[in-house]
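In my numbering, each residue carries its 1-based index in the sequence shown increased by 629.
Encoded as structure tokens, the structure appears first; notes follow it.
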Amino acid sequence: MTSLDTFHSRSTLDVDGIPYEIYRLDAVEGLERLPYSLKVLAENMLRTEDGANVTAEHVRALAEWDPSAEPDTEIQFSPARVVMQDFTGVPCIVDLATMREAVAELGGNPEVINPLAPAEMVIDHSVQIDSFGLASSLERNKEREYERNAERYQFLRWGQGALANFRVVPPGTGIVHQVNIEYLARTVFTRDAIGANGEPVTQAYPDTCVGTDSHTTMVNGLGVLGWGVGGIEAEAAMLGQPVSMLIPRVVGFKLTGSIPAGATATDVVLTITQMLRAHGVVGKFVEFYGEGVGEVPLANRATIGNMSPEFGSTAAIFPIDDVTLDYLRLTGRDDARVRLVEEYAKAQGMWHDPSREPVYSEYLELDLSTVVPSIAGPKRPQDRIVLSEAKESFREVLPTYAGSEGGTESEERAAVEESFPASDPVSPASLGDEPAAPAAPGDSDGRPHRRTPVTLADGTRTELDHGSVAIASITSCTNTSNPSVMVAAGILARNAVAKGLRSKPWVKTSTAPGSQVVTEYYEKAGLWPALNELGFNVVGYGCTTCIGNSGPLPEEVSAAVNDADLAVVSVLSGNRNFEGRINPDVKMNYLASPPLVIAYALAGTMDFDFESEPLGQDADGKDVFLADIWPDPTEVQATIDATIDRDMYAQGYADVFTGDERWQGLDTPDGETFAWDDASTYVRKAPFFEGLTMELTPVEDVAGARVLAKLGDSVTTDHISPAGAIKGDSPAGKYLAEHGVARKDFNSYGSRRGNHEVMIRGTFANIRLRNQLLDGVEGGYTRNFLTGEQDSIFDASQAYQAAGIPLVVLGGKEYGSGSSRDWAAKGTALLGVKAVIAESFERIHRSNLIGMGVVPLQFPAGESADSLGLDGTETFSITGLTALNEGTTPRTVHVTATKEDGAAVEFEATVRIDTPGEADYFRNGGILQYVLRNLARGEV
630 MTSLDTFHSR STLDVDGIPY EIYRLDAVEG LERLPYSLKV LAENMLRTED GANVTAEHVR
690 ALAEWDPSAE PDTEIQFSPA RVVMQDFTGV PCIVDLATMR EAVAELGGNP EVINPLAPAE
750 MVIDHSVQID SFGLASSLER NKEREYERNA ERYQFLRWGQ GALANFRVVP PGTGIVHQVN
810 IEYLARTVFT RDAIGANGEP VTQAYPDTCV GTDSHTTMVN GLGVLGWGVG GIEAEAAMLG
870 QPVSMLIPRV VGFKLTGSIP AGATATDVVL TITQMLRAHG VVGKFVEFYG EGVGEVPLAN
930 RATIGNMSPE FGSTAAIFPI DDVTLDYLRL TGRDDARVRL VEEYAKAQGM WHDPSREPVY
990 SEYLELDLST VVPSIAGPKR PQDRIVLSEA KESFREVLPT YAGSEGGTES EERAAVEESF
1050 PASDPVSPAS LGDEPAAPAA PGDSDGRPHR RTPVTLADGT RTELDHGSVA IASITSCTNT
1110 SNPSVMVAAG ILARNAVAKG LRSKPWVKTS TAPGSQVVTE YYEKAGLWPA LNELGFNVVG
1170 YGCTTCIGNS GPLPEEVSAA VNDADLAVVS VLSGNRNFEG RINPDVKMNY LASPPLVIAY
1230 ALAGTMDFDF ESEPLGQDAD GKDVFLADIW PDPTEVQATI DATIDRDMYA QGYADVFTGD
1290 ERWQGLDTPD GETFAWDDAS TYVRKAPFFE GLTMELTPVE DVAGARVLAK LGDSVTTDHI
1350 SPAGAIKGDS PAGKYLAEHG VARKDFNSYG SRRGNHEVMI RGTFANIRLR NQLLDGVEGG
1410 YTRNFLTGEQ DSIFDASQAY QAAGIPLVVL GGKEYGSGSS RDWAAKGTAL LGVKAVIAES
1470 FERIHRSNLI GMGVVPLQFP AGESADSLGL DGTETFSITG LTALNEGTTP RTVHVTATKE
1530 DGAAVEFEAT VRIDTPGEAD YFRNGGILQY VLRNLARGEV
């Protein structure tokens, strides 16, 4: 595609004798004053101007951007590439394979279905911690991973061979976002193109990406503008569709000072997360600037960018500077690329000048020297707790979790027994053989107790209680990408072992690095022996505990926890700690830095004050406190300097797409279309294009709808579409059993996202979901108004659809927050839900609902289901949607909720179809149907 170049911005940049075609921002007055992130969008507009999707008016809108105004101008953004992980990426490839057949049925050429933008997938979400605390754990877990996921992996290898412009990083390599910053990201992208004179040229432009994981924003730390989208939107981007968006407000976040000794990058991240969530940045860009930016290492920048979804922004970006270049060199990028990045950034006014304060919509500031050690929990990443107040905070919230009212004991027990295979035993050093204290309802310290004796697999007799740390896991790209906190964890482990400390024997310990480079510098620094001594052996390279792949607790621990209904704890170095996400046995989840993860493994309980309580005693019987083993920042940096070098990254990524002998030995099908196996329980042909014609089906109003679920605030995509264990007595479990799958092989919902039959049955199946149509019931259940009885959400939806009754879902604030899971929207649509009415929506899920033909509606400002007196027993009618058939998008629609006694509640709901592009998608029944029709017409 050749730009119209209305502004004559096409120019040549010479870098070391190599000419690059660029689109100069200084050709348009006004663009020079923009924040870095909007300059990236402006260049995108200049380069892709075609007079249709992108016009000169769009460029002028950016040049005339009013930072104080509310967003109202739609633009079309074309990302340079798409990044995927396998949980969310597999459905994308399933849909592409299905679209190939659908195009043929519509009279088109199936080979037009290929990614037009480079698409790269990293398989990182399928490894589960079955074995831990053993030297053999890595290989054992990898073996089980391939046993469970061979069908999926064969399918992905087919896609890599059949689809052009699609590459796969095989399992066991690393976590997608860490691989992205260490290898895939270009910072400045290049591609072959045709210049204005018709001759071949090499274009250079900012690297941008969208990803099928919300933490795609980690790459923002490298100056790359990118964010998470649902798989639906990612597929469209791969197929040449621009991402429709409004020019956003940009929050300038000024950094000053430097991180003090004793605090870590994780503490900075949790502080920023709390500040930005409190400020309100949903739908906005956050951009860091100021003198303190140069004091923030690249790995710390990436850690901050990673948490963008947790504070709600679309992106959280750092401009390009010398720190960026140093990181590119360190991670093995060639010198020519580094020079191009520097020269391009300076030529385009995109080089960070700490003395200049750009114009922003809003301003925040943090003095890094004020950051103190922190954790977050027990269920949201923005709930930061100063470490010195952690014990007190735990005690304050414990009563919420410690009573029988806080758990669904039988359900959670069933989930563990039926969905996880037995774990390999671990035998950390015994703490002694003292008799366990009897269970007690409470002590004089004012907090609930339920001391429960347990005999571990190695014969150790001990006891568990509310607050016992059941899981301590160094996991997730957020922190394992960061050498400062990873080396700190290793040194703390070494110091602890030297003092004679050991992890408590009931703690399931693990280390899941984000890339193999971590293993190499741990090895080079001699830190593995101490980590292994504490049980923090490598269990895999991937997203494990952070996404619910924590594996089962040891049987005896799990039995004690469930039999006594204990509120036990996980501590992990991840980015998400939502309810029901980490492990079915664990009610309370806390985020912490890697060294603090180890510290809590040593303490063994959340009911612990590191300042006043010793972790144990040394050989001389002297008390050892956390301060005694906390790593010296000077030693941490010296270790990093001595162990991490460019060759380590270059060698680690030399054969990144090759894979090990297991990957290479997969029996891979071939052919331009995929040969679906009707017996497969992992990969099945998607149902979204059945009966599709070139003519649009008119949008209809909703009449006679019943409420499938009435939900509260902060319902996440984990609640809507869980990624974890599949219960044996759930609709998904019954389906698998009927298809001959043994319970030990159920695997997880996330691993079975290529099978719509499982995913429909798993929608709203989180064990912690609270459907307010039922009293005191947790899990995927609802009231079936056809029978008046409690029913599973799936079975009720099937009955409603058989009766021709449409469905709605009622929600509260921040509906759909969390991971960018396309199945949260796909499953909602396939359950027969026509509308979701909520107080507010998180960006990605709202977009995904539209992409699946479900209309997101918002209660009037200041109103909610409860304030309007809606209890979910009403019958709903929604009128005004048919205006979409006339090419317009109504700002509001009229909702009538009729109660069982005939009384009606009426209100005007805001239609959250925010752009004309989204309206086109909705009129087509969804974004994929829109793209498919255009492809069949030859319009893409």
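C-beta: ideal position from N, C-alpha, C; glycine also.
Note that this is a predicted model, so its numbers are computed, not measured.
Asked	Found
How many angstroms separate the CA atom of Val719 from the CA atom of Gly1383?	6 Å
Report the residue from Asp1530, Gly1433, Asn1218, Glu650 whose alpha carbon sits nearest the alpha carbon of Gly1006.	Asn1218
Under the rule that 16 or more other beta-carbon atoms within 10 Å means buried, what is His637, buried or exposed?	exposed
Since Glu916 sits in a beta bridge, which residues does DSSP pair it with?	Gly881, Ile946
Taking its Cβ as the centre, do 16 or more other Cβ atoms sit within 10 Å of Asp1012, making it buried, or is it exposed?	buried
Counting beta carbon pairs with one atom in the segment 902-918 and one in the segment 701-715, are three or more of them shorter than 8 Å?	no
Classify Glu1021: buried if its beta carbon has 16 or more other beta carbons within 10 angstroms, exposed otherwise.	exposed
In this structure, what does DSSP give as the bridge partners for Phe795?	Ala748
Could you tell me the boundaries of the alpha helix (DSSP H) in which Val657 lies?	Unbroken run through Val657: none, as it is neither H nor E.
Measure how close the beta-carbons of Val1484 and Ile1556 come, nearest whole angstrom, since I'm counting them as under 8 Å.	The Cβ separation is near 14 Å, so there is no contact.
Thinking C-alpha only, which one of Asp1424, Gln1427, Asp1495 is nearest Gly1440?	Asp1495
Look up Gln714 in the DSSP assignment and say whether it is helix, strand or coil.	strand
Between the beta-carbon of Gly1096 and the beta-carbon of Met867, is there less than 8 Å?	no
Along the chain, where does the beta strand (DSSP E) that runs through Asp1420 open and close?	1418-1421
On the criterion of 16 or more Cβ atoms from any shown chain inside 10 Å, does Asp715 qualify as buried, or is it exposed?	buried
Label Phe1317 either buried or exposed according to how many other C-beta atoms from any shown protein chain fall within 10 Å of its C-beta, with 16 as the threshold for buried.	buried
Any idea if Asp1270 is buried or exposed, counting beta-carbon neighbours within 10 angstroms, 16 or more meaning buried?	exposed
So is Arg1275 buried or exposed if we call it buried at 16+ other beta carbons inside 10 Å?	exposed
Reducing DSSP to helix, strand and coil, say where Asn1577 ends up.	The structure shown does not extend to residue 1577, since the chain is modelled only from 630 through 1569, so no value can be given for it.
To test your reading of the DSSP string, which unbroken beta strand (DSSP E) runs of 3 or more residues are found completely within the segment 1126-1175?	1137-1140
Taking all protein chains shown into account, do 16 or more other C-beta atoms lie within 10 angstroms of the C-beta of Asn1400, making it buried, or fewer, making it exposed?	buried
Between the Cα of Val1015 and those of Lys1455, Val805, Thr895, Pro938, spot the shortest distance and give me the residue it belongs to.	Thr895
Is Gly840 near Met713, with beta carbons less than 8 Å apart?	yes
CB Pro938 to CB His844, shorter than 8 Å?	yes
Looking at C-alpha atoms only, which residue of Ala1256, Glu749, Leu1027 is the closest neighbour of Lys808?	Reading off the sequence shown, one finds Val at residue 808, where the question assumed Lys. The shortest Cα separation from Val808 among Ala1256, Glu749, Leu1027 belongs to Glu749.
At which residue ranges does the segment 1296-1356 contain complete alpha helix (DSSP H) runs of 4 or more residues, listed in the order of the chain?	1346-1349
Near Ser873, what residues of its chain come up, given a Cβ to Cβ distance below 7 Å and the 5 sequence neighbours on each side ignored?	Glu703, Gln705, Thr1544, Gly1546, Glu1547
When DSSP labels each residue in this structure, what does Thr831 get in the three-state scheme?	strand
Just verifying my parser: in three-state terms, what is the DSSP assignment at Phe775?	The amino acid at residue 775 is misidentified as Phe; the sequence shows Tyr. Helix, per DSSP.
Secondary structure at Pro1064, three-state DSSP: helix, strand or coil?	Its pLDDT being 36, under 50, Pro1064 is placed unreliably by the model, and nothing is read from it.
Please classify Ala1366: does DSSP put it in a helix, a strand, or coil?	helix
For the beta strand (DSSP E) containing Gly994, list its first residue and its last residue.	Note that residue 994 corresponds to Glu in the displayed sequence, not to Gly. Where Glu994 is concerned, the enclosing beta strand (DSSP E) stretches over 991-996.
DSSP state of Pro1082, grouped into three classes?	strand
Any idea if Tyr619 is buried or exposed, counting beta-carbon neighbours within 10 angstroms, 16 or more meaning buried?	No answer is possible for residue 619: the residues shown for the chain start at 630 and end at 1569.
With a Cβ-Cβ cutoff of 8 Å, do Asn1166 and Ser755 count as a contact?	no
Gln1266 lies in the beta strand (DSSP E); which residues open and close that run?	That residue, Gln1266, is in no beta strand (DSSP E); its alpha helix (DSSP H) goes 1262-1272.
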